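Trainee: Mind looking over this structure? Questions follow.
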Amino acid sequence: MTPQVTTVIPGFNRVEPLKYTLRSVAAAVAALPPGAVETILVDDGSVPSLEEQLAGFTPGLPIRHVRQPNQGSIVARLTGLRAARGRFVLFLDSDDLIHPDKFKRQLAAMEEAGADVSYSDMARATLGLNYTVSGYAPDMVAGLATAPADFFLRIQPAPHSPIYRRAYLDAALPGFCVPPLRALDAVGDLWLYYNLSPFPARIVKVDAPLTAVGPHEEDRFSRHWEKLAVAALLLGEAFLDRCPVTPATLPARIQIGETAFNTWRRLSRDYHAGHNARLLALWRRAPRGPLHRLGGPGFRLLARLLGPVNAGRVLRLRNASYAAHRTVTAAELDALLAVRLPAP
Numbered sequence: 030m031t032p033q034v035t036t037v038i039p040g041f042n043r044v045e046p047l048k049y050t051l052r053s054v055a056a057a058v059a060a061l062p063p064g065a066v067e068t069i070l071v072d073d074g075s076v077p078s079l080e081e082q083l084a085g086f087t088p089g090l091p092i093r094h095v096r097q098p099n100q101g102s103i104v105a106r107l108t109g110l111r112a113a114r115g116r117f118v119l120f121l122d123s124d125d126l127i128h129p130d131k132f133k134r135q136l137a138a139m140e141e142a143g144a145d146v147s148y149s150d151m152a153r154a155t156l157g158l159n160y161t162v163s164g165y166a167p168d169m170v171a172g173l174a175t176a177p178a179d180f181f182l183r184i185q186p187a188p189h190s191p192i193y194r195r196a197y198l199d200a201a202l203p204g205f206c207v208p209p210l211r212a213l214d215a216v217g218d219l220w221l222y223y224n225l226s227p228f229p230a231r232i233v234k235v236d237a238p239l240t241a242v243g244p245h246e247e248d249r250f251s252r253h254w255e256k257l258a259v260a261a262l263l264l265g266e267a268f269l270d271r272c273p274v275t276p277a278t279l280p281a282r283i284q285i286g287e288t289a290f291n292t293w294r295r296l297s298r299d300y301h302a303g304h305n306a307r308l309l310a311l312w313r314r315a316p317r318g319p320l321h322r323l324g325g326p327g328f329r330l331l332a333r334l335l336g337p338v339n340a341g342r343v344l345r346l347r348n349a350s351y352a353a354h355r356t357v358t359a360a361e362l363d364a365l366l367a368v369r370l371p372a373p
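Residue numbers (my numbering): 30 to 373.
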């Protein structure tokens, strides 16, 4: 039997949160007919292997183990996608959780609408005993978007919120603008979003909290926001360097510039000057959209008087000092910003 949906889970050494992830998938699988879901666990060079580390653990569903040398999460996702047999694909990280109704509701919405992508709202999970989730409560409501550039680059739902039609991924990803570079691994989820953003897609939202992040104390990229911010900058620069300048890519190129400008506006008033300058340079390179996409009424009034950059500088004076939320040293931040990607 050909599976209806494939769940692809890249993993590297982090096993305890993964057990909750697998049990949450098993609970969602129970809502579908037998054989409707295949689960592929891509071991990105764990030592010992994830299959060995999971020995004796019963996840409640069959797992296909695929092992590769350590190459990072982007390559691991692509490895899982190549192995997938389902008509639909869900990517999960090894600490993600999904509601028991996620497959049932999002797949039904996709079938009804003929959609290429579905997504949902966020839930807050409460962990139970024996690697189960004892409950899900509504949390963040995702914005509504139907245009791909708006969805992938402005809304940017949690990376395990979308379920994709595999035929859509198979058609879009061979033509990606930005190759799967290891330096972008901290924003591997955004790498997928940026590369999908120029491609037409029918997108449907399910208004229900079906997606959650597992609470745990093990390492996350998000503990060091500067690493994410610099990797996102590299990704935006690489996209504009490599993406064809065509009418089809115009909405994505506009949105990437706006994202850079709005990121610059939110940063600390005394944050790294070099990072600030590169964000503004990225915005200046991108095609311009309407002024209201850069800020509210107060910003727009100042921007008409002073220009967008000077208006942003004035309003940034209200932002907190970088010392209040620094997570890396000055030398570490300089080293992050010194990284450059290969030329196209």
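Cβ coordinates follow ideal geometry from the N, Cα and C atoms, glycine included.
Because the structure is a prediction, the values reported are computed rather than measured.
From V58 to A267, what does the alpha carbon distance come to, in whole angstroms?
Mentor: The residue labelled residue 58 in the question sits at position 29 within the sequence shown. The residue labelled residue 267 in the question sits at position 238 within the sequence shown. Their Cα atoms are separated by approximately 38 angstroms.
Trainee: Can you give me the C-alpha to C-alpha distance between L296 and S350, rounded to a whole angstrom?
Mentor: Against the sequence shown, residue 296 aligns to sequence position 267. Against the sequence shown, residue 350 aligns to sequence position 321. Taking the straight line joining both Cα atoms gives about 9 angstroms.
Trainee: Let me make sure I understand the geometry here. Which of R111, V66, F328, A152 has the alpha-carbon closest to that of G164?
Mentor: Looking up residue 164 in the sequence shown gives position 135. The shortest C-alpha separation from G164 is found at A152.
Trainee: Which ranges does the alpha helix (DSSP H) cover as unbroken runs of at least 4 residues, wholly within the segment 114–180, from first to last along the chain?
Mentor: Counting whole runs of 4 or more residues, the segment 114–180 contains the alpha helix (DSSP H) stretches 131–142.
Trainee: Quick test of your reading: D145 and Y222, contact by CB under 8 angstroms. State the CB separation rounded to the nearest angstrom.
Mentor: As a first step, residue 145 must be located in the sequence shown, where it is residue number 116. As a first step, residue 222 must be located in the sequence shown, where it is residue number 193. With a Cβ gap of about 14 angstroms, D145 and Y222 do not count as contacting.
Trainee: Ignoring anything shorter than 4 residues or poking outside the segment 267–315, list the alpha helix (DSSP H) runs there in chain order.
Mentor: Here the runs fully enclosed are 279–295, 302–314.
Trainee: Whose CA, out of R369, V357, V170, lies closest to the CA of R252?
Mentor: The residue labelled residue 252 in the question sits at position 223 within the sequence shown. Comparing Cα positions, the closest option is V357.
Trainee: Any heavy atom of the ligand HEM inside 6 angstroms of the beta-carbon of A84?
Mentor: Summarising the ligand content, the structure contains no ligands, and the ligand HEM is consequently not present.
Trainee: Output needed for V368: all residues of its chain with C-beta closer than 6 angstroms, excluding positions within five of it in sequence on either side, in chain order.
Mentor: Numbered from 1 along the sequence shown, position 339 holds the residue referred to as residue 368. Correct list, in chain order: A212.
Trainee: Report the partner residues of V233 according to the DSSP bridge assignment.
Mentor: Residue 233 sits at position 204 when you count from the first residue of the sequence shown. In the DSSP output, where bridge partners are listed per residue, V233 has S147.
Trainee: When the Cα of D179 is compared with those of F228, I69, A56, P371, which residue comes out closest?
Mentor: Along the sequence shown, read from residue 1 onward, the residue named residue 179 stands at position 150. When each option's Cα is compared against that of D179, the closest is F228.
Trainee: Using 8 angstroms for Cβ pairs, my map puts F120 next to R111. What's the rounded Cβ distance?
Mentor: In the sequence shown, residue 120 corresponds to position 91, counting from 1. In the sequence shown, residue 111 corresponds to position 82, counting from 1. Wrong, their Cβ atoms sit about 13 angstroms apart, outside the cutoff.
Trainee: R307: which of L173, L366, R52 sits nearest, CA to CA?
Mentor: Counting from one through the sequence shown, the residue named residue 307 turns up at place 278. When each option's Cα is compared against that of R307, the closest is L366.
Trainee: What would DSSP say about L110, mapped onto helix, strand or coil?
Mentor: Reading the sequence shown from its first residue, position 81 is the one you call residue 110. L110 falls in the helix class under three-state DSSP.
Trainee: Exposed or buried, which one is D363 when buried takes at least 16 other CB atoms within 10 Å?
Mentor: Reading the sequence shown from its first residue, position 334 is the one you call residue 363. So D363 counts as exposed.
Trainee: Rank V274, A215, C272, R355 by C-alpha distance to the C-alpha of A260 and give the top, closest one.
Mentor: For the purposes of this step, residue 260 is identified with residue 231 of the sequence shown, where counting begins at 1. Closest option to A260, Cα to Cα, is A215.
Trainee: By the DSSP assignment, the alpha helix (DSSP H) with P326 in it spans what residues?
Mentor: Here residue 326 is taken as the residue at index 297 of the sequence shown, counted from 1. Per DSSP, P326 belongs to the alpha helix (DSSP H) from 326–335.
Trainee: Closest to N224 by C-alpha separation, out of M169, I103, E140, G109, would be which residue?
Mentor: If you number the sequence shown from 1, residue 224 lands on position 195. Closest option to N224, Cα to Cα, is I103.
Trainee: DSSP on L362, reduced to helix/strand/coil?
Mentor: Working through the sequence shown from its first residue, we reach residue 362 at position 333. Residue state, collapsed to three classes: helix.
Trainee: Helix, strand or coil: which one does DSSP assign to H354?
Mentor: As a position in the sequence shown, residue 354 is number 325, starting the count at 1. Correct three-state label for H354: coil.
Trainee: Looking at the structure shown, is R211 part of a helix, part of a strand, or coil, going by DSSP?
Mentor: Numbered from its first residue, the sequence shown carries residue 211 at position 182. Helix.
Trainee: Look up G74 in the DSSP assignment and say whether it is helix, strand or coil.
Mentor: For the purposes of this step, residue 74 is taken as residue 45 along the sequence shown, with counting starting at 1. G74: coil per DSSP, three-state reduction.
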